[in-house]
Structure formats: C-alpha cells, structure tokens
Amino acid sequence: MRRVLTTIATVLCASLVQADEVNIYSAREENLIKPILDIYSRETGVTVNLVTGGADELIQRLSLEGANSPADLLLTVDVGRLYRAKEAGVLQSVQSPLLDAEVPANYRDSEGYWYALSLRSRVIVYDKERVNPADLSTYADLADPKWRGKICVRSSSNIYNQSMVASMVSRNGVAQTEEWAEGLVANFARSPQGGDREQISAIAAGQCQVALVNTYYLAGLLSSSNPADRANGEAVAVFWPDQNSNGAHINISGAAVTKAAKNKDAAVKLMEYLVGDEAQHWYAETNNEFPVRDDVQSSELLKSWGEFKADDIALDQLGIHNAEAVRLMDRAGWK
Amino acid sequence: MSQLTTVTNEAPRGALSSLRTRLSERWLTLGILALCILLSVPTITVFSSIFGDSEGVWSHLASTVLGDYVSQSAMLMVGVGLAVLVLGIGPAWLVTMTRFPGSRHLEWALVLPLAMPAYIIAYTYTGMLDVGGPLQSWIRTTFEVRYGDYWFPQIRSIGGAITMLSLVLYPYVYLLTRTAFIEQSVCVLEVSRTLGASPFKAFSRVALPLARPAIMAALSLVLMETLADYGTVQYFGVSAFTTGIYRTWFGLGSPIAAAQLAAVLMVFILGLVLAEHWSRSKARYHHTSNKYTRLPRIELHGWKRAAAMFYCFFPVVFGFLIPFIQLSLWAFDTWELLDRSNFLGLFGNSLKLASITAVIALFLSLFITYSKRLRPGIFLRGIVRVLGLGYAIPGTVVAVGVLIPFAWFDNTLDAWMREQFDISTGLLFSGTLVAVVFAYLVRFLPVSMNTLDAGLGKIKPTMDDVGRSLGLKPLQILRRVHIPVMKGSLLTASLLVFVDVLKELPATLILRPFNFNTLAIRTYELANQERLAEASSTALMIVLAGIIPVIILSQTISKSRPGYEPSTRTQ
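These protein sequence lines are chains A and B, in that order. In terms of the numbering used here, the first sequence opens at residue 1 and continues consecutively. In terms of the numbering used here, the second sequence opens at residue 1001 and continues consecutively.
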C-alpha cells in the first residue's frame, strides 16, 4: 500500500514539476527514430517516450483520446497522413522562426501544422541490361503499350502509390489519371505483390524490366550486408522521371505537434533538433533519405545517382486527393 | 425439548447458508454477465455500424472490388478449411492410436507450427521460393534459363496463402481432435470392433463422429483466424475481405464502410456457426461410458508404417522445420547487425502478456461455459455467441473497438472529476496494459471458450445430477467432478491463448503504453521495412517462447487421460 502511495505521490509531483519530457506517437519504426532520440536525450537531459504504430491507427488513437491524450508529437512517414491528422483536428500550429527558416516552404504546412524532416522520391528503376534508358521519360509514359508485360509495382493499398497517384489527380484530374492507371495496369508483368525491394529483385530475376520504387529501398539493398541483396540492387539503375516537366515525385517524413500537447515547448525544441545538422546527417546516413535542408549533404550513395529535379507540388494536395486516387485505382483494377 | 431446539436452531442456519450460496452464486453469475457484456462492447460497436451512412462507398465497392473480396475470401476459407482437416485429424488419430517410429515425438512436434505466426511463415517461404529467391536463382544459373523458361509455382498467390495459413493453423484441429480422442472411452471403440468394424471403420463411424464437436470447434477457430488474417493476404497481394477493410478504412477514408465490411464478415461467421449447430439438431455427444482403460496402440508395419510416417511428418517438416531452419540461418547471418540490448526485455514483455491473458481467459471461459451449462438461458447464450465472434474480427478493428469505450470512460470520468473536484484524472485505462489485455480477451476468449465448450459437452449431465444429489454445490461440482475430467481441454485452451497472444500484433501495436515493446512488434517493424533477415532473430524468439509451453503442455495432455498409466510410456 505504501508503495502505491509513493508511486502516486511521485507521479503527482512529477506532473507538478513538469520535468522536461516529450511523448511521441511515431509511425517511423523504432529502429529508424529511437537512436537519434537517445542522442537527444543524452545531450539535453529531456526524457523522450515513444509509441510506434501505423499512422492511421495512431491518428485514430489521438482523436479518441482527445484533450487528455498524453502525446505531444506525431511523426509520420507520409504527407497524406499529416494532412489527415490536420483534418481530423488533432494537431496544432507551431510558430518557430527556426523551423520556418530551415524547412523550405513547400515542405511544410502553410499554417505551420506540420513540417517535413526528410525527403524520399518515388522513381523508376530499370533493368540495366535489357532497358535502354533513352526509352524512359515520364511516369505518364509507363502507360504506353511498349511496356506491355514489363512493369512491376506493389499494391495500390500502399500509401506511396496512393500519394503518387493523388499528385497526378491534382495535376491532371481524375479522368486522365484513370486512363493512365488503366494503361499501367495493362502493362503489369504480374499482379501487384510484395514490397518495393521485391519489385527490384523481380527485375533482377528477369520477371519484369521496369519498376516504381522509393529511393531508400534501393539504397537499402545496395548497402545490405547480404551479397544476394547487393546483386539484386546492382542489376538495376535509377531513372529520374519527369525531368523536363514537373520533376520526380517527392514524399516526406514529417512531424507535427498534437492539439493535446502538454509539453508543447519541449516538443517544438525536439522538432528543431530533428531538422538540425546532426539529425539530418543521421537520416541521410542511416536510412538513405534526402535531408530536408538544401545545405546538408545526402549520403554518397544517393549523390551517385546524380542531381535531379524534384516535383514542387504543394504537398497537401497529396492528402486532399487520396480517396479519389484509391477509387480510381480500384476502378482501373490496380490491386 | 433440547433436541427440538437444536433442530429449529439448525434449520434456519441451513436455510441461511443455502441462501448465502445462492446469493454468492447469483453475484458470480451477475459478475460474469456484466463482464461478458463489457467484453462484447467492441463486437457490438462493429455490428452497430450497419446502420451508419457510408456515403456511397458501398456502391463504389460493389461496382469495383467487392466481388473479388468475397470470392477470394471464400476460396481461402474452403481451401484452408479442407487442408486443416486433412492435416489435423489424420495425424491426431495416428499418433493417439498407433505406434510407428517417431510417433511419440510427433505427439508434441505436430503442435509446433502453432508457434509460427502466419505472416512470418509467409515471409520465410517467400524469401526462399520467390522469383528473386535463392532456389529460383539457383535454377536459373545452373540450367542457364531465364525467368519464364521454366515452370515454378507462384508462392505469392491465393494458393500460396492457403498453403501458408493451413500449415500454421492445422494444429488447432490436431490439438482439439487429439484431446477429444484421448478423452474418449476406449470401450466404445472396442464394442465397435467386436461388432465387426475394421479399425478404419471404428475410426470413421465411431471415433470421428464422437469427436465432431471438437473438430467443429477447431474448424470454426481456423476459419475465423483465416478471415481475420491481414499480414499474409496483404503480403501475397490477395484481395481478401481484410484487405478490403483496411483499404476502405484508411485508403478511402471511410471507417463506417470498413466497419460494415467487418460486420458482414461477422454475420457470415455467425451463419456458419448456427448452421453447424442446427445440423447437429438433437444429437448430443456425451460419453456414455466412464470406463477408461489404457489406449491399445496398434503397432504399424510395412507400407502402412511408411505412409503413416510420411503423413505425420509432412506437416511438421513444412510447417515448422523448414521455416525454422531458414529463420535460424538468417538470424545467424544478421546477428552482428542487431540491436540486442533489450532482447530480454522484449522476451519478458511477451511472456508476461501471454501468461496473464491465458490465465484470465481460462478462468473467464470456464465460468462462462459452465454458467451456460447450468442455466442455458437465451440471454447468456446470445451473449456467448456474440463474444465468440471476436476471433473473426481483424485485430486493428478490435483495437479501435476497445479504444472507443475506454477513451470515452476515461474522458467522461475526467470531465466529471474536473467539474466536481477540480481534479484531472487524465486517461486512467487508455494507453495502459489493461486496455491491451482487454483487447486480447475480446479476440482470444472465443479460442478458450470453444475449447472448453467442446470439453464440457462431452460430460454427461447425469454427472452434474449425481454431484448434486451428493450435496455438492455447482462450484464444487465444477472443481471436483468436471475439472479433473477435462484437464486436457483446460490445458489446450490456455496453451492456445498463450501462443495466440505471443503472436498478436495489431492490437498490441495500437493500444500499448509508451516505451513498451514485444517480440511480435520488433519482428513486424523490421519485416515492414523489408528487412526480413534482420527480423528473423525476434521471429525465432517468438517461436522459441511458444515451443516450451507447447511441449510441456502436450506432454501433460497425453498424461491427462483418465486411466493413463505411466507404464504405457515405457513400452
């Protein structure tokens, strides 16, 4: 009984003193965020508590917990989910001159509800032996009948495909995008399955010649300790699509302060740290993501793929058109 | 006179004490009823969505993908259902009634695939057999052929999904059927033999029909688990109902339509369960003889021995041995890369949750099934039916179904306390392990209830009557008559829940408190980043954590048979 009382007393005191801590709901998996948070804790003495999970589930949890939610910060690996969280009313806007200065305007919410921490691009990879890169040009071109039976891509249940198609809907409208999706589906080498890495190994195995993947998956294969993985990665090359028009499709990982945040200041400080030099280098080196800041170098591997033009579409468009994108992919038969 | 006083003094005391027992029994019943209602809230929440407005999502689904969802789920159910019956019943009979080389070890080894989460076995086989995997690469380099020049089964397909699910789910059928065979009296079999039935006929005409409640209980668990599976079908690109639920919920942004899809799934399961129930009509499966002698094991020879060995080793080799070896190789390869600092913590967390849930589920389902036996009122029966559906609901849907009432309760209490006493209580239960265990109970209580229901059903009601006439109270009958007889079922029930919790992912993921992880979560997070090899170490630990109780319990189950003599083991 005494122990219970002591615990209660400690908890009460702790909440009165407001010891510096930040509680995070993170859609970034533990091994891709905890190490940098640990460094932050060591450097600043701030306690960081973490729950990881699917972004949609975490947003649901936030909105059901309401004003009493213990979470201060939400991390996601896709802008569509940040948009959904903002729409669900579980976020609050942040005024931070530092964040506004470091994060380019197109990689943050115009009202300060969310900020990007790192970037990834969804690109075309092709079989080095059998595809002439001169035949590749745009995402739109992948619907051309010349690619019949040669394209691999994962399921349209995947958020990265949804966001990519949503950006097309935003630019070209539903009808034109649907026509494109039908053409793409007609060119599939196989029914969509597996993750991005597996599309690459399917090219290496000769099942298809062209695939759509996120950059860090290829980088992960190339830097794997497993020789078979590396061989698969080396069988393909990166092609940056739409370089003469909109640029390659970009998605972000990002952070947002929750509406219920009890430690808002500490949360903003942590966000500022995450766009700082140390953390930006860490993303680049650990998971081969592009830093959100122009002045921080990418990893050597990413640099070896050359400079590229990135799509500068307003990222909330990807969230706005998500449901339309899913519906049109359903209709086009993209499983 | 003095005698008379004694009598009059005693009478009221007796009446009082019987009143007290009746009261305490009533409280117990009421308590159980209240708990049942509480536990059925998530399921009912899903059901009530039927009346919600999905804003045209259904017409979109119906005109595009719904047909796929229905047909693929139906194929999964038929395929997995048939496969688990074949893989489960035959070996259960063979290892219980016959002897052949390895049969003793197979008794427990046949349960091992149970410890393998379905999505792990799917990842493992894909890693080996996929177009980019080592086997096909070897074929291509050795025979200098390209993809498409040779035939190879496509692992990521509906056939592959059926195979994977069957390989890890058949142990339900095996375990429950074997328990039924063990609890059967040999006398009925001997009678059938003296009436001229061949051993096979004794099996198909007597033992199998007697085991029907157990087989059906297991089959319905398997089918529910099949319908609720998301990891495997998603990975294989099979458009099953669960794929649809997730897609509709998150992709189309329509939680109502998603819940309605889940409700349709539940109605369908309910239909199946009721159909099976009616088809039994008035048949009862009590054992009419209580004479248990030791099991006469037939020693197999010649081709029969070879066939039995092949039949029984097949599921163990493919459901456990091969994936286990592959995982071990991967774990060995990636050992250096791993953050092993908190492996023990993960292991402890998983074990803790699994044992706590297994114990609570066992007690709850024992009381529930026993109350149903004592007072089979319509209300209790209905509630039990509703509770029984939890296993068919995908974990994420259950988790949100738990989150809603918990958050509502916490927030309402908080608001009231603020208003009355200006104290904020915050979230008391949401985001604690209480919520996590509650969600486990919603999902896995059907597992232990089905198992115990089948066990209790075999006990003749006259046993209760005899107990009563000897002056035992219902709880005493349960403790002194039923529990000793159905020890096998009790152990099976707790084992199944234990292993299920070890493997559980989505509810743990959403509901857990800060800085709390389990083996399943760590495995999933690495696998989700497509780092299968690195995920193998924690996957192996799930399997290992499951193996130990599996072996201990299946040993205990063979000994649990009334009339078991240790000497039979030393033959």
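Positions of the beta carbon are idealized from the N, C-alpha and C atoms, including for glycine.
Interface partners of residue i on chain B, CB under 9 Å
i, result
"Y355 (chain A)", "No answer is possible for residue 355 (chain A): the residues shown for chain A start at 1 and end at 335."
"E285 (chain A)", "None at all; the shortest Cβ gap to chain B is about 15 Å."
"A134 (chain A)", "Simply none; closest approach about 23 Å."
"G54 (chain A)", "F1250, T1396, P1506, L1509, I1510"
"G183 (chain A)", "Neighbours of G183 (chain A) on chain B: none; closest Cβ ~18 Å, over 9 Å."
Other residues of its chain near residue i: CB distance less than 7 Å, five sequence neighbours each side excluded
i, result
"E43 (chain A)", "none"
"E1530 (chain B)", "none"
"G1014 (chain B)", "Any reading at G1014 (chain B) must be qualified, since the residue scores a pLDDT of 48, below 50, and its modelled position is unreliable; no value is offered."
"Q293 (chain A)", "For the record, residue 293 (chain A) in the displayed sequence is Arg; it is not Gln. Here the set comprises E102, V275, Q280."
"A338 (chain A)", "What is shown of chain A runs 1 to 335, which leaves residue 338 (chain A) out entirely."
Beta carbon of residue i nearer than 8 Å to that of residue j
i, j, result
"I320 (chain A)", "S167 (chain A)", "no"
"L1210 (chain B)", "V1080 (chain B)", "no"
"L1346 (chain B)", "T1124 (chain B)", "no"
"Y113 (chain A)", "L98 (chain A)", "no"
"E289 (chain A)", "Y217 (chain A)", "no"
"R226 (chain A)", "D1333 (chain B)", "A small correction: the amino acid at residue 226 (chain A) is Asn; Arg does not occupy that position in the sequence shown. Cβ atoms of N226 (chain A) and D1333 (chain B): closer than 8 Å."
"L1459 (chain B)", "M1417 (chain B)", "Note that residue 1459 (chain B) corresponds to Ile in the displayed sequence, not to Leu. No; because the gap between Cβ atoms is not below 8 Å, this pair is not in contact."
"R28 (chain A)", "D56 (chain A)", "no"
"N187 (chain A)", "L142 (chain A)", "yes"
"L1387 (chain B)", "P1474 (chain B)", "no"
"A1115 (chain B)", "V1442 (chain B)", "no"
"E1225 (chain B)", "G1488 (chain B)", "no"
"A1358 (chain B)", "V1501 (chain B)", "yes"
"L1433 (chain B)", "P1484 (chain B)", "no"
"A1392 (chain B)", "A1228 (chain B)", "yes"
"W1151 (chain B)", "Q1555 (chain B)", "no"
"E1575 (chain B)", "G1395 (chain B)", "Past the boundaries of the shown model lies residue 1575 (chain B); chain B is included only from 1001 to 1571, so the question cannot be answered."
"N106 (chain A)", "L1427 (chain B)", "no"
Closer than 7 Å at the beta carbon, the chain B residues around residue i
i, result
"R61 (chain A)", "L1403, I1510"
"S201 (chain A)", "G1132"
"D311 (chain A)", "None at all; the shortest Cβ gap to chain B is about 22 Å."
"D78 (chain A)", "Residues of chain B passing the Cβ test: none, with the nearest at roughly 11 Å."
Contacts that residue i makes with chain A (C-beta to C-beta distance below 7 Å)
i, result
"A1533 (chain B)", "N226"
"G1237 (chain B)", "S155, S191, P192, Q193, K335"
"F1514 (chain B)", "N23, N49, L50, V51"
Contact set between residue i and chain A, taken where Cβ atoms lie within less than 9 Å
i, result
"P1134 (chain B)", "A228"
"Q1072 (chain B)", "Neighbours of Q1072 (chain B) on chain A: none; closest Cβ ~10 Å, over 9 Å."
"V1400 (chain B)", "E57, Q60, R61, L64"
Residues near residue i by beta carbon distance below 6 Å, same chain, minus five either side
i, result
"L1061 (chain B)", "none"
"Y1172 (chain B)", "A1218, L1221, V1222"
"A219 (chain A)", "N288, L301"
"L1028 (chain B)", "none"
"T138 (chain A)", "P241, D242"
"S1536 (chain B)", "L1327, W1330, A1331"
"N322 (chain A)", "G80, Q162, A166"
"L1496 (chain B)", "V1447"
"Y1440 (chain B)", "T1357, V1501"
"V48 (chain A)", "V22, L37, S41"
Beta-carbon neighbours of residue i, restricted to chain B and to distances below 8 Å
i, result
"G66 (chain A)", "A1407, N1411"
"N263 (chain A)", "Correct list: empty, because the minimum Cβ distance to chain B is about 13 Å."
"P70 (chain A)", "G1426, L1427, G1431, F1514"
"N232 (chain A)", "G1132"
Same chain, Cβ closer than 8 Å to residue i, neighbours up to 5 away in sequence not counted
i, result
"A266 (chain A)", "D20, E21, V22, V46, D72"
"T1008 (chain B)", "Here T1008 (chain B) scores only 40 on pLDDT, less than 50, and its place in the model is too uncertain to base an answer on."
"A14 (chain A)", "Caution is warranted here: a pLDDT of 46 is assigned to A14 (chain A), below 50, making its placement in the model unreliable, and no coordinate value can be reported."
"Q317 (chain A)", "A166, S167, S170"
"Q1136 (chain B)", "L1129, D1130, Y1147, F1152"
* Inter-stretch contact at 8 Å, needing at least 3 Cβ pairs: the region 1155-1162 of chain B / the region 1236-1244 of chain B -> A contact exists between the region 1155-1162 of chain B and the region 1236-1244 of chain B.
* Asked: In chain order, which continuous runs of the alpha helix (DSSP H) of length 4 or greater are located wholly inside the region 1196-1264 of chain B?
  -> Runs of the alpha helix (DSSP H) inside the region 1196-1264 of chain B: 1212-1228, 1231-1236, 1241-1246.
* Just checking, does the region 1255-1264 of chain B make contact with the region 1040-1060 of chain B on the three C-beta pairs under 8 Å criterion? -> Between the region 1255-1264 of chain B and the region 1040-1060 of chain B, the count of C-beta pairs closer than 8 Å reaches three or more; the two stretches touch.
* Asked: At what residue ranges does the region 162-219 of chain A contain a whole run of the beta strand (DSSP E), taking only runs of 3 or more?
  -> Taking only runs of at least 3 residues, the beta strand (DSSP E) segments lying wholly in the region 162-219 of chain A are 210-214.
* To do: Can you check the region 1037-1086 of chain B for any beta strand (DSSP E) of at least 3 residues that lies completely inside it and give the ranges in chain order?
  => Listed in chain order, nothing qualifies, since the region 1037-1086 of chain B has no complete beta strand (DSSP E) run of 3 or more residues.
* Decide if the region 1127-1142 of chain B is in contact with the region 192-210 of chain A; the criterion is three or more beta carbon pairs, one per stretch, under 8 Å apart. => Segments in contact, yes.
* Between the region 127-136 of chain A and the region 232-239 of chain A, do three or more beta carbon pairs fall short of 8 Å? -> Here the region 127-136 of chain A makes contact with the region 232-239 of chain A; the two share three or more CB pairs at distances below 8 Å.
* Can you find at least 3 beta carbon pairs, one from the region 1352-1370 of chain B and one from the region 32-43 of chain A, that sit closer than 8 Å? -> By the Cβ rule, the region 1352-1370 of chain B does not count as touching the region 32-43 of chain A, because fewer than three pairs are nearer than 8 Å.
* In chain order, each alpha helix (DSSP H) run of at least 4 residues that lies wholly inside the region 1286-1352 of chain B -> Restricted to the region 1286-1352 of chain B, the alpha helix (DSSP H) segments that are unbroken, complete and at least 4 residues in length are 1302-1316, 1322-1334, listed in chain order.
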